[in-house]
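Undergrad: This is the structure I have questions about; it appears just below.
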Amino acid sequence: MKKFLLSIILAVVIAVVPQASENNPKAMIIFDASGSMWGQIDGINKIVIARDALKEVVRKWNPKVELGLTAYGHRVKGDCEDIQTIIPIGKLNRKHMIDTVLSINPKGMTPIAKSLRKVANSLRQYEDTTTIILISDGKESCEADPCATAKQLKAEGINFVAHVVGFNVDRKTDRQLSCIASATGGEYFSAKNAAALTKAIKVIAKKVEKAKPKPKPVAKKLKHNLEISSSEIEGGKWIESYHKIYKIEDGDIGNKTIISSSSHKKRAVLALLPAGKYLVKSTYNKFKVETTFEVNTKKVTKLHIVMGQTGKVEITASETDGGKWIESYHKIFKVEDGEVGDRITYCTSRKKKACLQQIPA
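Numbering (the working numbering), first residue to last: 63 to 423.
Now the structure itself:
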């Protein structure tokens with residue numbers, strides 16, 4: 063006689079609802095009503111064993127975990143699409159849930175892979191990890207690979223874990239069901255009789271009850287969302303420079319200076335600005351650099367400005383070569399291509415103090 067492929071599949075899906083007012087876990091039971099449920103273990107129909115195990119769990123179900131019921135194979139023979147959500151997820155009505163399970167009559171196929179897909183797709187809306195509990199005494203009967211399906215669902219980014227119970231299954235089926243658990247980061251349990259099945263479900267139910275969403279990280283309020291520093295060359299040491307910030311709106315630069323401050327050799331300019339586009343005018347010695355940038359309220363924009371290299375000049379004066387220093391006034395001009403350009407700066411040298419200037423190279 064051909065061995066029944068599958069008698070029992072019970073899946074409980076736990077989801078933490080992303081609601082601010084009521085952060086209750088939510089659960090979906092997927093109940094296998096395939097024809098093989100009429101098979102027996104120790105003289106008792108597998109459907110009876112499954113119902114008893116489910117009644118035991120529902121009676122002690124944590125009321126804070128909302129519950130729903132999905133079944134497959136209960137309406138049509140030979141139809142791998144016969145999957146139905148009978149009770150939507152909501153506050154548990156224990157009597158209604160148990161009465162509904164008792165009214166299900168096994169008839170059809172065992173589409174494990176399609177059931178995993180249907181349930182997982184309904185859980186995409188939840189941000190927190192969901193838990194699927196799968197209890198089966200046999201293999202997939204709809205020419206699909208439930209392990210490959212589980213891997214694909216995880217690859218699609220659906221945040222769930224599957225705990226699986228193999229109920230009186232052979233080694234080959236053990237491997238298939240165990241693969242579903244390992245592919246999703248869950249645990250696999252082997253139950254050889256009704257008592258072991260009930261115990262396994264209770265253990266997993268406790269795991270579900272204790273499952274709590276990871277606390278969402280509290281976004282830290284930024285003290286500043288802009289840092290400005292500068293150096294003469296790319297990757298060089300920080301230098302002291304002066305910065306004026308202007309708002310850009312509709313492509314136009316405003317006339318009002320929003321912030322004016324200096325960055326230093328060891329300290330950047332720190333500012334907290336509304337999200338938007340800006341222009342900073344930076345000056346360093348005789349260099350002037352304009353830079354546009356954007357900021358938002360969720361992260362710090364780090365702006366480093368390369369101003370250009372400078373060199374130091376020391377000027378002294380005397381009446382005669384080698385004579386004593388005298389006080390003199392000096393104007394410095396830039397020479398480019400042999401022509402004298404605009405004056406860069408000026409200074410005075412004295413009898414005991416040279417004129418020191420740092421000017422563009």
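Every residue, glycine too, gets a C-beta built ideally from N, C-alpha and C.
1. Excluding five sequence neighbours on each side, which residues of the same chain lie with their C-beta closer than 7 Å to the C-beta of Phe66?
2. Measuring CB atoms only, is the segment 129-146 touching the segment 281-293, in the sense that at least three cross pairs come out at less than 8 Å?
3. Short of 6 Å in beta carbon distance, which residues of its chain neighbour Val138, apart from the five on each side in sequence? Order them along the chain.
4. Buried or exposed: which applies to Ala115, given that a residue is buried once 16 or more other Cβ atoms fall within 10 Å of its Cβ?
5. Helix, strand or coil: how does DSSP classify Gly97 here?
6. List the whole-angstrom C-beta distance separating Ala416 from Gly373, where the pair is believed to meet the contact cut-off of C-beta under 8 Å.
7. Give the DSSP-derived three-state secondary structure of Asn183 in the structure shown.
8. Where do the N-terminal and C-terminal ends of the beta strand (DSSP E) with Thr407 fall, by residue?
9. I'd like to know if the segment 171-187 and the segment 196-212 are in contact, where contact means that at least 3 CB-CB pairs between them fall below 8 Å.
10. Reducing DSSP to helix, strand and coil, say where Asp232 ends up.
11. Measure the alpha-carbon distance for Gln420 versus Gly384 and round it to whole angstroms.
12. Quick check: is any heavy atom of the ligand SAH less than 7 Å from the C-beta of Phe395?
13. Can you tell me whether DSSP reads Ala245 as helix, strand or coil?
14. Does Met369 come out as helix, strand or coil in the three-state DSSP assignment?
15. Please name the residue, chosen from Asp312, Tyr308, Val362, that lies closest to Ala330 on a Cα-to-Cα basis.
16. So what does DSSP say about Cys417, is it helix, strand or coil?
17. Could you check what DSSP says for Thr359 in three-state terms: helix, strand or coil?
18. How do the segment 396-413 and the segment 316-336 stand: do at least 3 beta-carbon pairs fall below 8 Å, yes or no?
19. Taking Cβ positions only, does Glu311 come closer than 8 Å to chain C?
20. Report the rounded CA-to-CA distance for Ile263 versus Ala112, giving the unit in angstroms.
21. In whole angstroms, give me the CA-to-CA distance for Leu442 and Glu189.
TA: In short, the structure shows the following:
1. Against the sequence shown, residue 66 aligns to sequence position 4. Because Phe66 sits at a pLDDT of 39, beneath the cut-off of 50, its placement in the model cannot be relied upon, and the following sentence gives the value as read from the coordinates. Ser98, Gly101, Gly200.
2. no
3. The sequence position of residue 138 within the sequence shown is 76, counting from 1. Only Asp144, Gly170 meet the Cβ criterion.
4. On the sequence shown, residue 115 is found 53 positions in, with the first residue counted as 1. Result: buried.
5. As a working note, residue 97 is residue 35 in the sequence shown. Gly97: helix per DSSP, three-state reduction.
6. Position 354 of the sequence shown, counted from the first residue, corresponds to residue 416. Position 311 of the sequence shown, counted from the first residue, corresponds to residue 373. Contact doesn't hold; Cβ gap of about 15 Å is too wide.
7. The count along the sequence shown starts at 1 and reaches residue 183 at position 121. Residue state, collapsed to three classes: helix.
8. By 1-based counting over the sequence shown, the position of residue 407 is 345. Taken as a continuous stretch (DSSP letters only), the beta strand (DSSP E) holding Thr407 covers 401-411.
9. yes
10. Here residue 232 refers to the residue found at position 170 of the sequence shown. In this structure, Asp232 counts as coil in the three-state DSSP scheme.
11. The residue given as residue 420 occupies position 358 in the sequence shown. The residue given as residue 384 occupies position 322 in the sequence shown. Answer to the nearest angstrom: the Cα atoms are 25 Å apart.
12. With respect to small molecules bound, the structure shown includes none, and the ligand SAH cannot be examined in it.
13. Here residue 245 refers to the residue found at position 183 of the sequence shown. Three-state result, Ala245: helix.
14. As a first step, residue 369 is located in the sequence shown; it is residue number 307 there, counting from the start. Coil.
15. Numbered from its first residue, the sequence shown carries residue 330 at position 268. Looking at the Cα atoms, Val362 is the closest of the given residues.
16. Reading the sequence shown from its first residue, position 355 is the one you call residue 417. Cys417: strand per DSSP, three-state reduction.
17. Against the sequence shown, residue 359 aligns to sequence position 297. In the structure shown, Thr359 sits in coil (DSSP, three-state: anything other than H, G, I, E or B).
18. no
19. Included in the structure is just one protein chain, with no chain C present.
20. By one-based count along the sequence shown, residue 263 stands at place 201. By one-based count along the sequence shown, residue 112 stands at place 50. Spanning the two alpha carbons is a distance of roughly 10 Å.
21. Because the chain here runs from 63 to 423, residue 442 falls outside it and cannot be looked at.
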